[in-house]
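Shown next, in structure tokens, is the structure this report addresses.
In the working numbering, the protein residues as written are 161 to 489.
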């Protein structure tokens, strides 16, 4: 946990604008002299005014093998108010690693996880419950939860991208505390790692809640007010277990190289019609730990920012069934 906290701190520090000087121009101005993406491909909220001058920063599209300029609001976090407001900045897609490739892979996994979660929230369908988990470490964690009187449901929320994505939902059956209805998510090419990430995140979420270190006091206050039974009803999509999938039937990829992992993810994104993957190297020279921001225009942010809803979420509302096989390559 200590190493994880240090790395997160480095990511936050590296993602600030600091001494970097973005170009401030309108899209119509910058596209005359640079290769730039249209701001609306980033899924803008209604209040956005993309025709106004905004700050831009250069990245590299690893799908198209070309340099491309992107609105700085999608790159840095936070962006000073003086630079205008295109949408709320976030840390989604910012990751560090021991190597540049590892950081890129972790960023892609986070983007895919948040996209899958957004599709669940848009469709109100949380996918099948995962049964018969045989992985020894995951099994041990599930047994520990059970011994503590905590019911944990694992859900396969894998999207049409076919990258294993798992949600772990916890319910403290002894305390029946609405604020302890916690959730953890994990996405990885290897299904057991996705499960382990979701389980460790839900454990961390419970610990944070129990020790009163949560920042989200509004949600905590709301849950305390509505009570346990109503809170479960409001979140029933996470707790119903009619549909099931066996752990062994989940898609899973096994490689031993981050570059191979990245290529698999890029193939899955292309198959789903997502044709840009833009990488920004945010590594600070004074630290030297690789930090990147990856942007995949078209992937959803709705679960973190309900003001931004794109075509994938709209389509999900019509016909989305998570946990199914990926789209054909």
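Backbone N, C-alpha and C fix where the C-beta goes; we use that ideal spot for every residue, glycine too.
Which of helix, strand or coil DSSP assigns to residue i
i           : result
residue 315 : strand
residue 166 : helix
residue 425 : helix
residue 220 : strand
residue 174 : helix
residue 200 : helix
residue 468 : coil
residue 245 : coil
Cutoff 6 Å; reference residue i; Cβ partners in own chain excluding five residues on either side
i           : result
residue 201 : 457
residue 287 : 315, 316, 317, 482, 483
residue 310 : 330, 332
residue 292 : 406, 407
residue 203 : 468, 470
Terminal residues of the alpha helix (DSSP H) in which residue i lies
i           : result
residue 360 : 351-370
residue 522 : Since the first residue of the chain shown is 161 and the last is 489, residue 522 is not available in this structure.
residue 398 : 396-399
residue 190 : 187-193
residue 296 : 296-307
residue 471 : 471-479
Heavy atom of the ligand ATP within 8 Å of residue i beta-carbon
i           : result
residue 405 : Ligands are entirely absent from the displayed structure, and the ligand ATP is therefore not among its contents.
Test item: CB-CB of residue i and residue j under 9 Å
i           : j           : result
residue 277 : residue 327 : yes
residue 199 : residue 213 : no
residue 246 : residue 208 : yes
residue 453 : residue 223 : no
residue 133 : residue 383 : Shown here, the chain extends from 161 to 489; a query on residue 133 therefore has no answer.
residue 468 : residue 238 : no
residue 184 : residue 216 : yes
residue 229 : residue 313 : no
Residues near residue i in its chain [Cβ-Cβ closer than 8 Å; skip 5 each side]
i           : result
residue 394 : 386
Own chain, CB closer than 7 Å to residue i, minus 5 neighbours either side, in chain order
i           : result
residue 257 : 263, 266, 450
residue 170 : 256, 447, 449, 451
Supposed close pair residue i, residue j - CB separation, criterion 8 Å
i           : j           : result
residue 351 : residue 324 : 4 Å
residue 232 : residue 182 : 4 Å
residue 566 : residue 432 : Any answer about residue 566 is impossible in this case: the structure gives the chain only from 161 up to 489.
residue 145 : residue 357 : Because the chain is modelled from 161 through 489, residue 145 falls outside the range shown and cannot be assessed.
residue 270 : residue 252 : 6 Å
Element boundaries [beta strand (DSSP E), containing residue i]
i           : result
residue 405 : 404-406
residue 344 : 342-347
residue 414 : Unbroken run through residue 414: none, as it is neither H nor E.
residue 227 : 226-231
residue 291 : 289-291
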